[in-house]
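The numbering used here numbers the first residue of the sequence shown as 47 and each following residue consecutively. Yeah, the Cβ is synthetic: ideal placement off N, Cα and C, and Gly gets one too. No experiment lies behind these values; they were computed from the predicted model shown.
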Amino acid sequence: MCRSRRPRSASRRARRGSHARSAGSPRPPCRSRVQLSCQRRAFDPGTLFAILRCLSTFHLFAAVISLAALAGYVNYRLLRLPTAIGMTLTVLAFSAALLGLRALGVLDVEAAVRVVKSLQFGDIVLHGMLAFLLFAGALHVDLAKLRGEGVTVGLLATLGVIIATAVTGVLVWLAAGALGLDIPLLAALVFGAVVAPTDPIAVLGILRQAGVPQHLALQITGESLFNDGVAVVVFIALADAAFGAPPSAAHVAGFFALEVLGALALGAALGYAANRLLAQVDDYPVEILMSLALAAGGYSLAEVLHVSAPITVVVAGLLVGTHGRAFSMSERTRRRLDEFWELVDYVLNATLFVLIGLEVLALPIEALRGATPWLLAAGVAIVLLARLVGVAAPIGMLRATRRFAPGTIRMLTWGGLKGGISIALALSLPEFAQRDLLLAATYAVVVFSVLVQGLTLKPLAVRINSYPAAARTR
C-alpha cells in the first residue's frame, strides 16, 4: 500500500516541507518507477500511440469494443455487408492504413503493434469466446431436425476433417519443397489441422437471405458446430507428434476416442442436468444465468477432465435448445433467452472479427520474403482443394443410400469459411523455424475465406436455390 501511516500532524509538516526538498532528492517510495515512466511516455507528443503502452486490461477491452462499434457503424452506413465480412474488411483497412503510414515514416505505431501481439488472441478465443459462441450457435439448432442429417454431419465433421487435414498437409509439404522452402511433413500436417475447422457465423445470415434448402443449411451448421472440436483434437495429436515425443497409433486412437466420446457423454449429462434444474425455476434472469453457467462451467469442466470442450458445449447447447426449450421453459423465458444469446452471439462475433482484422499488425512481415508469397497463394488454393475432397468423399460414400440436392458439394465446399479458431490454433503453436510462415499462411487462408468466399457465397446460394423444386428436395 502507498498510504502513509504517519500521524496527521506529521503529514501536515511533511506537506509543508515538501517544497523545500532539493531537486536531486529521491522519489517517494510509494510512487512506482514503472508508473512514472508510463506517465511520461503516455504524453510523449512524438509518438501518437505511446499511450497504448500503459493501457490496463479494461482500457484494452474498451478500445476493442469501441473499434467494433465503429466498424459496425461504418458497415451499416456504407458497406451494407454481412456483419462478419463488413467488420473484418473495415478493421483490415484500418490496420493496413496504419502499416502504410508506418512504412512512410508518418506514424510510429510500434506501441500499437506490441499491444496487438500481447492480446493473447489464442487464449481469448480458445479459452473464452469459443464456449459462448458454440453454445449460442447450438442453442438455435433444432436437434430433432439435425438428427435427420446426423450421419452426413457426423461423417463431414470427422472423416471430412481428417481427409482435409491430410490432403492439406501433404500438398503444402510438396509445394514448399518445390519452392525451395523447408517445411517438415509433420509441421505441414499441423497446418492442415489448423485450417480444417469451418466457421458458420458468416455463412448463416447469407444462407437465410438466399433461401437455401433447410437440409443443406443444417448440414453446414451442424458440421461447423462439431468439426471445431474434432479439429482441435486432431491438432493436439499432430502437434504432440511434431513437437513432442511421437505417440503410437494406439495412443492417438485412444486419445481421439476419449476426447470425442467423453465429450459427448459429458455434454449429454450436463444438458440433462441443466434441463432438470431449469424445469424447477420460472424466473428468466435466473434461467439465463444458469445457461451462462452451463456454457462457461461445462467448457471449463471438460478442459479439466481432458475431453473436448467444444463438443461438450455443443451437445449441452443442443439439449437445452431443444428439450429444455420445449419442456423446461415458459414462453417468456424462451423469448428472453433467445434475445440474450442472440445479443451475446453478435457482440462476441463482432469482437472476434475485429480482432482478426487487428492481427494483421502482428503478422511477421519479415517472413514474407522470397518464395513465401507464392506459398501463401498456393496454400489458399490447396485448402480449397482439400475442403472439396473432404466434402466429396463422405457425400460420395452416402450417395448409395441418400439423395443429395444438386450443388450440395459446391455449397459445402465454398461455404466452409475459416474463422478465428484457425488463427487461435496457429498462435498456440510453440516457437519453431516455420512458425511465422505457417501463421502468415493461416491468416491468408482466413482472410481469403471471409472476404472472397463470403462475398461470393450469396450468388452461389441463389443459383443453387434456383434449381427446380423437384431437384432441390429429397
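For Met336, the secondary structure class from DSSP, reduced to helix, strand or coil, is helix. When only Cα atoms are considered, Thr136 and Gln265 end up about 30 Å apart. In the structure shown, Gln326 falls within a coil segment according to DSSP collapsed to helix, strand and coil.
In the DSSP assignment, Phe178 falls within the alpha helix (DSSP H) that extends over 176–185.
Going by beta carbons, Val207 and Val276 fall inside the 9 Å limit.
In this structure, Met133 and Ala396 form a Cβ contact; the two beta carbons are roughly 6 Å apart against a cut-off of 8 Å. In the DSSP assignment, Lys191 falls within the unbroken alpha helix (DSSP H) covering 189–194.
The shortest C-alpha to C-alpha distance from Ile455 to any of Leu485, Ser468, Gly403, Ile510 is the one to Ile510. A straight-line Cα-Cα distance of about 11 Å links Leu150 and Ala143. Annotated as distal: Val360 and Glu305, with beta-carbon spacing of 9 Å or more. DSSP places Ser141 inside the alpha helix (DSSP H), whose first and last residues are 129–149. By the Cβ neighbour-count rule, Ser164 is exposed, with fewer than 16 other Cβ atoms within 10 Å of its own.
By the beta-carbon neighbour count (other beta carbons within 10 angstroms, threshold 16), Arg371 is buried.
In terms of CA proximity to Gly313, Gly344 leads the group Gly344, Val493, Gly466.
The beta carbon of Ala320 sits closer than 6 Å to the beta carbons of Leu340, Val366 from its chain, once the five residues preceding and following it are set aside; these are given in chain order.
Across the set Gly223, Ala432, Ser270, Phe302, the C-alpha of Phe302 shows the shortest separation from the C-alpha of Leu284.
For Ala470, the CB contacts under 7 Å within the same chain, skipping 5 residues up- and downstream, are Phe167, Gly168, Val171, Leu172 in chain order. The beta carbons of Ala309 and Ala348 sit about 6 Å from each other, so the pair counts as a contact at 8 Å.
In the three-state scheme derived from DSSP, where H, G and I count as helix and E and B as strand, Leu232 is classed as helix. In this structure the stretch 234–242 lies against the stretch 205–222, because at least three pairs of beta carbons, one per stretch, are closer than 8 Å. Comparing C-alpha distances from Ala507 to each of Ser337, Gln260, Ala490 shows the shortest one belongs to Gln260. Here Val197 has Leu444 as same chain residues with Cβ atoms under 7 Å from its own Cβ, once five neighbours each way along the sequence are excluded. Pairing Val159 with Ala408 gives a Cβ-Cβ distance under 9 Å. Rounded to whole angstroms, the separation of the alpha carbons of Trp387 and Arg123 is 25 Å.
DSSP places Arg509 within a helical segment (H, G or I) once states are collapsed to three. In the structure shown, Ala242 falls within a coil segment according to DSSP collapsed to helix, strand and coil. Put simply, the backbone Cα of Ala233 is about 8 Å away from that of Gln480.
For Leu231, the closest of Phe272, Ala287, Glu195 by C-alpha to C-alpha distance is Ala287. For the pair of segments examined, the stretch 186–206 was found not to touch the stretch 492–501: the number of CB pairs separated by less than 8 Å stays below three.
In the DSSP assignment, Asn395 falls within the unbroken alpha helix (DSSP H) covering 377–404. Inclusion of Gly466 and Val437 in the CB contact set at 9 Å is not warranted, their separation being larger than that value. With a cut-off of 8 Å on Cβ pairs, the stretch 446–464 is not in contact with the stretch 215–227, counting fewer than three such pairs. Look at Gln166 here: in three-state DSSP terms it is coil, with no helix or strand label.
Across the structure, Gln326 and Leu422 are spaced so that their CA atoms are roughly 55 Å apart.
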